[in-house]
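Student: Provided herewith is a single structure, encoded as structure tokens, for subsequent inquiry.
Numbering (UniProt numbering), first residue to last: 1 to 119.
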């Protein structure tokens, strides 16, 4: 993907993230910091808030956006070529926002802070 297309996809994802914020919900920084903990907790079997197939979907989305190979190449159909990248990026950003919020709620319910049990 060209640099300008990545920037456009990133800007669209940022707008989606900003519009999905609710009062009292964890901030973007807190959610981003929770992603590695969420992944490790899932891989270790401690957190079962999302399936392995969903984890694979996230991985495929990251590979698709980062890959220079597109389903709809920008060279032939510029608008549609950009739209598929933006669509996948926005879906990934909003899905991870929701997953990380659920994970942070799970951590609070379980009494976990930064991957350690409080007690």
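Each residue gets a CB set at the ideal place from its N, CA and C atoms; glycine is no exception.
May I ask you to report which of helix, strand or coil DSSP gives residue 27?
Tutor: Residue 27 sits at position 27 when you count from the first residue of the chain shown. If DSSP states are grouped into helix, strand and coil, residue 27 belongs with coil.
Student: Looking at C-beta atoms only, is the number of pairs between the stretch 102 to 111 and the stretch 52 to 59 that lie closer than 8 Å three or more?
Tutor: The stretch 102 to 111 is not in contact with the stretch 52 to 59.
Student: Run through DSSP, which three-state label would residue 36 get?
Tutor: Working through the chain shown from its first residue, we reach residue 36 at position 36. Here residue 36 sits in helix by DSSP.
Student: How big is the Cα-Cα spacing for residue 82 and residue 28?
Tutor: Stepping through the chain shown from its first residue, residue 82 is reached at position 82. Stepping through the chain shown from its first residue, residue 28 is reached at position 28. Each residue's Cα considered, the two are about 25 Å apart.
Student: Taking Cβ positions, are residue 92 and residue 62 nearer each other than 8 Å?
Tutor: Residue numbering aside, residue 92 sits at position 92 when the chain shown is read from its first letter. Residue numbering aside, residue 62 sits at position 62 when the chain shown is read from its first letter. Going by C-beta atoms, residue 92 is nearer than 8 Å to residue 62.
Student: Let's see if you can read the secondary structure: which residues bound the alpha helix (DSSP H) around residue 58?
Tutor: Numbered from its first residue, the chain shown carries residue 58 at position 58. That run of the alpha helix (DSSP H) goes 52 to 66.
Student: Quick one: grab the DSSP three-state call for residue 48.
Tutor: The residue you call residue 48 lines up with position 48 of the chain shown. DSSP places residue 48 in coil when its eight states are reduced to three.
Student: Note down, in chain order, each residue of its chain lying with its Cβ closer than 6 Å to the Cβ of residue 33, except the 5 sequence neighbours on either side.
Tutor: Your numbering for residue 33 matches position 33 in the chain shown. Cβ within range, chain order: n/a, list empty.
Student: I'd like the list of long-range same chain contacts for residue 95, defined as Cβ closer than 6 Å, with 5 residues on each side in sequence excluded.
Tutor: Against the chain shown, residue 95 aligns to sequence position 95. The answer is none, since no qualifying residue turns up.
Student: DSSP three-state call for residue 84: helix, strand or coil?
Tutor: Translated into the one-based positions of the chain shown, residue 84 becomes position 84. Helix.
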